[in-house]
Amino acid sequence: MRFVCRFWGRALLLLCCSTALWAQDAPLALEHAKAEISINGVSTFATVDLPYGWDFHHRGLSGVGQFDLSFDGPLTTDEAWGLYFYRLGNAYRVTLNGKLLEGDGDIAALGIGDYAKVPRFIRIPADLLLPHNQLEVVIRSDSGRRSGMPVVWVGPVSGVEDLYRKEFAFRVGGSAILAVFSLVVGAFAAVLWISHTDPRPERRGVRDNLYLFAALAEFSWAFFVGDTLIERTPLPWAWWSVVVNMSLGVWMSALLLFCHNVAGWEHHRTSRWVKGLLTTLLVSGPVVAYAAISVPAPLLLTLWQISFAVIFIPSTLLFLALAANAATTMHRVVALAFVVNVPIGIHDFYIMRIADSFTNQALLRYSATLFGLALGAIAIDRFRTANLRVRDMLDSLSVRVQRKDLELSQSYQRMELIAREQARTQERARILRDMHDGVGSHISSAIRQLQSGHSNPDEVLLTLRDSLDQLKLSIDALNLPPGDITALLANLRYRLEPRFRAMGLTLEWAVILLPNLPQLDASAMRQLQFIFFEAFSNVMQHAHASILRVDAAPTLTPHGAGAPGVRIRICDNGGGFDTQLLRRGGLNSMHERAQALGAQLNFQSRPGETVVELLLH
1415 MRFVCRFWGR ALLLLCCSTA LWAQDAPLAL EHAKAEISIN GVSTFATVDL PYGWDFHHRG
1475 LSGVGQFDLS FDGPLTTDEA WGLYFYRLGN AYRVTLNGKL LEGDGDIAAL GIGDYAKVPR
1535 FIRIPADLLL PHNQLEVVIR SDSGRRSGMP VVWVGPVSGV EDLYRKEFAF RVGGSAILAV
1595 FSLVVGAFAA VLWISHTDPR PERRGVRDNL YLFAALAEFS WAFFVGDTLI ERTPLPWAWW
1655 SVVVNMSLGV WMSALLLFCH NVAGWEHHRT SRWVKGLLTT LLVSGPVVAY AAISVPAPLL
1715 LTLWQISFAV IFIPSTLLFL ALAANAATTM HRVVALAFVV NVPIGIHDFY IMRIADSFTN
1775 QALLRYSATL FGLALGAIAI DRFRTANLRV RDMLDSLSVR VQRKDLELSQ SYQRMELIAR
1835 EQARTQERAR ILRDMHDGVG SHISSAIRQL QSGHSNPDEV LLTLRDSLDQ LKLSIDALNL
1895 PPGDITALLA NLRYRLEPRF RAMGLTLEWA VILLPNLPQL DASAMRQLQF IFFEAFSNVM
1955 QHAHASILRV DAAPTLTPHG AGAPGVRIRI CDNGGGFDTQ LLRRGGLNSM HERAQALGAQ
2015 LNFQSRPGET VVELLLH
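Here this note's numbering is used: the sequence shown runs in plain steps of one and ends on residue 2031.
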């Protein structure tokens, strides 16, 4: 019996020691404090339970609170201790046993800086820790800024710091990741809005507002979430609250208009009313947010946010009804985001604006990522659909272009055939006209000579020979290369030189190789041939000359531009003629043909020398 009592006594002692050691290692929660609250120079004293939410107990007021707490230190420990605050201040100062541990912000400067956004961990120096400790925490609390005094956790660093790290990663690290994610989605949507226009001809150059609203929603949400990381705000709290609340208002407005675009309601009459109401709320937002802090009138800001909910929730229900009947993935993705976020948004509104929820965490910043994912997915899907539409249009356009190319090719071939036929017809008409003007006139002249009864056989024979030469030259002209004057003159010499010898005319030929004049086509070459033949015919019929000289050489244009030209001179030593008769008969015809060629034709004549000069450029 004595042995049994001794055994259980030792076991109980061991259990008590183990419990004491475990209790020393586990963090302690300090949930009660003696508080001194100072508002507008008036101080009140009370024993309060923690957490102590300033906005719940002193709605619309700013002030300073001092909280005194006590706790027992460890009996023996080899590990350092620390303090963990879920949220503290807006500015704070922490003192242990009369020694300052840490402080951030100016306690006396209301509305400057906000250090209550992130959790705080303070390591306690070993020499400050006593068996009985007095902890003093002084905070500055700004109206509407979620300030207060949390439950204080104190204990070994291993346990306390673990609580801090988890909360820091969730609240600060999570906010940073979500802000970056929203910025990326917003930038992607903005790039699509800037670079992507409607490919349809009737809406060419029009941008898709879906991308614009997605970008505005994501940028404003990135700022709203990222505000957690900004402790030293660039503006006093009354003005900074305007910026923060406007970012929330822009997010809700842009998100709602984005959903209207997804649903196809953007041109509906009701959508115009919604846009008008949202615009009114956004315009009034800065005044409401500033008045809520500076007047103070926090109820105004609460009513302003409720007004957004009054617009937002019915639109959500209508969209859910549309998604239930729609078969598109786009509608279902947005509907899922609504189903998850609307209840969470109502929860956050309650804890932020109504309940005593100093230590409760807003969850919408995390669940709203679904909207970001939905915006990104829909933007990508819309972009992919637009690209497919453009590709189809390009394919259709390519087919139409190919068809038009084929039609144009066929039309060109038909036109080419018609042009060739017209050219042949014109060539035949030209030959017939030349034969009529040349051969026909000579034959008609021979017939009139024979009919007169007084004809000279030699004259009739000469006329018929001219007609035959004219016919041969007309046929030769069909094969002359365009612009080759050397070949034209050589052909004239070949056809007419036998007649020159028969008439006793000595031909002096001073023709060198002449430059080709490409502007002289077949018709121009025929006109040029007629001018030369007429000049030779005049010598043979009227000049009574014994010497006929042909000079041809290249020359420069009168403008000195270096372009090739040709000068041809036909000279004889006959009796000459009166140049005043230039505009009569064959000479007039020669002059008209030279003008048609753009050539210059000159006549010089006196007894014993006649010169016909033609300048071609």
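Using N, Cα and C, we set each Cβ at its ideal position, and we do this for glycine too. If you're wondering where the values come from, they're calculated on a predicted model, not measured in any experiment.
*On the premise that Val-1599 lies in contact with Gly-1759, defined as a C-beta separation below 8 Å, what is that separation, rounded to the nearest angstrom?*
Mapped onto the sequence shown, residue 1759 falls at position 345. Mapped onto the sequence shown, residue 1599 falls at position 185. That pair is no contact at about 19 Å.
_Spatial neighbours of Asp-1890 in its chain, beta-carbon cut-off 6 Å, leaving aside the 5 residues before and after_ = Position 476 of the sequence shown, counted from the first residue, corresponds to residue 1890. The residues are Asn-1905.
_Quick check: the segment 1534–1546 against the segment 1669–1678, are at least 3 beta-carbon pairs closer than 8 Å?_
no
*asked:* What residue range does the beta strand (DSSP E) around Asn-2016 cover?
replied: Within the sequence shown, numbered from 1, the residue matching residue 2016 stands at position 602. 2014–2020 is the extent of the beta strand (DSSP E) around Asn-2016.
_On a Cα-Cα basis, can you pick out the residue from Val-1532, Asp-1486, Tyr-1500, Phe-1481 that is closest to Arg-1507?_
Walking along the sequence shown from the start, residue 1507 turns up at place 93. Of the candidates Val-1532, Asp-1486, Tyr-1500, Phe-1481, the one whose C-alpha sits nearest the C-alpha of Arg-1507 is Phe-1481.
_Where Leu-1919 sits in the DSSP three-state scheme_ = The residue given as residue 1919 occupies position 505 in the sequence shown. Reduced to three states, the DSSP call for Leu-1919 is coil.
*Since Asp-1520 and Ala-1540 are thought to touch, with beta carbons under 8 Å apart, how far apart are those beta carbons, to the nearest angstrom?*
One-based indexing of the sequence shown puts residue 1520 at position 106. One-based indexing of the sequence shown puts residue 1540 at position 126. That pair is no contact at about 30 Å.
*Comparing alpha-carbon positions, which option in Lys-1513, Gly-1496, Ile-1794 lies nearest Leu-1624?*
Here residue 1624 is taken as the residue at index 210 of the sequence shown, counted from 1. Ranking the options by Cα distance to Leu-1624, first place goes to Ile-1794.
_Measuring alpha carbon to alpha carbon, tell me which residue in Leu-1784, Glu-1581, Ile-1765 is nearest Ala-1628._
Within the sequence shown, numbered from 1, the residue matching residue 1628 stands at position 214. Taking only the C-alpha atoms, the option nearest Ala-1628 is Leu-1784.
*Could you tell me whether the segment 1701–1718 touches the segment 1651–1660, where touching means 3 or more Cβ pairs closer than 8 Å?*
yes
_Can you look up Ala-1437 in the DSSP assignment and give me helix, strand or coil?_
Position 23 of the sequence shown holds residue 1437. Residue placement at Ala-1437 is poorly supported in this model, since its pLDDT is 45, which falls under 50; the coordinates still yield a value, given next. Correct three-state label for Ala-1437: helix.
_For Tyr-1506: DSSP bridge partner residues_ = The residue labelled residue 1506 in the question sits at position 92 within the sequence shown. Its beta-bridge partners are Asp-1518, Ile-1553.
*Counting along the chain, where does the alpha helix (DSSP H) carrying Thr-1730 start and finish?*
Position 316 of the sequence shown, counted from the first residue, corresponds to residue 1730. Its alpha helix (DSSP H) spans residues 1712–1739.
*Residues in its own chain within less than 6 Å of Tyr-1500 by CB, not counting five upstream and five downstream?*
As a first step, residue 1500 is located in the sequence shown; it is residue number 86 there, counting from the start. Here the set comprises Pro-1533, Pro-1564, Thr-1773.
*Coarse secondary structure for Asp-1469, derived from DSSP in three states*: If you number the sequence shown from 1, residue 1469 lands on position 55. Reduced to three states, the DSSP call for Asp-1469 is helix.
_Helix, strand or coil at Gln-1480 [DSSP, three-state]_ = Residue numbering aside, residue 1480 sits at position 66 when the sequence shown is read from its first letter. If DSSP states are grouped into helix, strand and coil, Gln-1480 belongs with the strands.
*Straight-line CA distance for Leu-2001 to Leu-1931?*
Taking the first residue of the sequence shown as position 1, residue 2001 is located at position 587. Taking the first residue of the sequence shown as position 1, residue 1931 is located at position 517. Approximately 24 Å, taken between the alpha carbons.
*Alpha carbon to alpha carbon, what distance is there between Glu-1450 and Ala-1711?*
Along the sequence shown, one-based indexing puts residue 1711 at 297. Along the sequence shown, one-based indexing puts residue 1450 at 36. Rounded to whole angstroms, Ala-1711 to Glu-1450 spans 25 Å at the Cα level.
*Near Asn-2016, which residues of its chain fall below 6 Å by C-beta distance, leaving aside the five closest residues on each side in sequence?*
Within the sequence shown, residue 2016 is the residue found at index 602, counting from 1. Excluding residues within five positions, the ones whose Cβ falls inside 6 Å are Glu-2027.
_Anticipated Cβ contact below 8 Å, Ile-1727 with Val-1688, distance rounded_ = The sequence position of residue 1727 within the sequence shown is 313, counting from 1. The sequence position of residue 1688 within the sequence shown is 274, counting from 1. About 12 Å; that fails the 8 Å criterion.
*Is it a yes or a no for the segment 1979–1991 touching the segment 1945–1959, going by three-plus beta-carbon pairs under 8 Å?*
yes
*Say whether the segment 1935–1952 touches the segment 1906–1916, bearing in mind that this needs 3 or more beta-carbon pairs closer than 8 Å, one atom from each stretch.*
yes
*Count the other C-beta atoms from every protein chain shown that fall within 10 angstroms of the C-beta of Ala-1437, then say buried if there are 16 or more, exposed otherwise.*
Start at 1 with the first residue of the sequence shown, and residue 1437 comes out as number 23. Confidence is the limiting factor: at Ala-1437 the pLDDT is only 45, short of 50, which leaves the residue's position unreliable and the question unanswerable from this model.
*Nearest-angstrom Cα distance between Asp-1528 and Met-1744?*
Taking the first residue of the sequence shown as 1, we reach residue 1528 at position 114. Taking the first residue of the sequence shown as 1, we reach residue 1744 at position 330. C-alpha separation (whole angstroms): 40 Å.
*Please determine if the segment 1630–1645 and the segment 1591–1598 are in contact, where contact requires at least 3 C-beta pairs separated by less than 8 Å.*
yes
*Alpha carbon to alpha carbon, how far is Ile-1861 from Gly-2022? Give it in angstroms, no decimals.*
The residue labelled residue 2022 in the question sits at position 608 within the sequence shown. The residue labelled residue 1861 in the question sits at position 447 within the sequence shown. Approximately 33 Å between the Cα atoms of the pair.
_Counting C-beta neighbours from all protein chains within 10 Å, is the total for Ser-1557 16 or more, i.e. buried, or is it exposed?_
Within the sequence shown, residue 1557 is the residue found at index 143, counting from 1. Buried: at least 16 other Cβ atoms inside 10 Å.
*Would you check if the distance between the CB atom of Leu-1887 and the CB atom of Gln-1941 is smaller than 8 Å?*
Residue 1887 sits at position 473 when you count from the first residue of the sequence shown. Residue 1941 sits at position 527 when you count from the first residue of the sequence shown. No, the pair does not count as a contact, with Cβ atoms beyond the cut-off.
*Starting from Ile-1760, trace the alpha helix (DSSP H) both ways and give me its first and last residue.*
The residue given as residue 1760 occupies position 346 in the sequence shown. Unbroken alpha helix (DSSP H) run through Ile-1760: 1743–1767.
_Can you tell me where the beta strand (DSSP E) holding Glu-1450 begins and where it ends?_
Here residue 1450 corresponds to residue number 36 of the sequence shown, with the count starting at 1. Unbroken beta strand (DSSP E) run through Glu-1450: 1446–1453.
*By how many angstroms is the C-alpha of Ile-1536 removed from the C-alpha of Ser-2040?*
The structure shown has nothing for residue 2040, since the chain only spans 1415 to 2031.
*Candidates Leu-1962, Ala-1936, Pro-1871, of which the one nearest Arg-1915 by Cα*: Counted from its first residue, the sequence shown places residue 1915 at position 501. Here the closest residue by C-alpha is Leu-1962.
*Would Asn-1774 count as contacting chain C if we go by Cβ distances under 8 Å?*
Included in the structure is just one protein chain, with no chain C present.
*Distance CB(Leu-1444)-CB(Leu-1483) smaller than 8 Å*: Taking the first residue of the sequence shown as 1, we reach residue 1444 at position 30. Taking the first residue of the sequence shown as 1, we reach residue 1483 at position 69. A contact, by the Cβ cut-off of 8 Å.
*Measuring alpha carbon to alpha carbon, tell me which of Ile-1982, Leu-1715, Arg-1803, Ala-1776 ends up nearest Ser-1589.*
Position 175 of the sequence shown, counted from the first residue, corresponds to residue 1589. When only C-alpha atoms are compared, the closest one is Ala-1776.
*asked:* Assuming the contact rule is C-beta atoms closer than 8 Å, Leu-1902 and Met-1939 should be a hit. Round their C-beta distance to whole Å, please.
replied: Along the sequence shown, read from residue 1 onward, the residue named residue 1902 stands at position 488. Along the sequence shown, read from residue 1 onward, the residue named residue 1939 stands at position 525. That belief holds up - the Cβ atoms of Leu-1902 and Met-1939 are roughly 6 Å apart, short of 8 Å.
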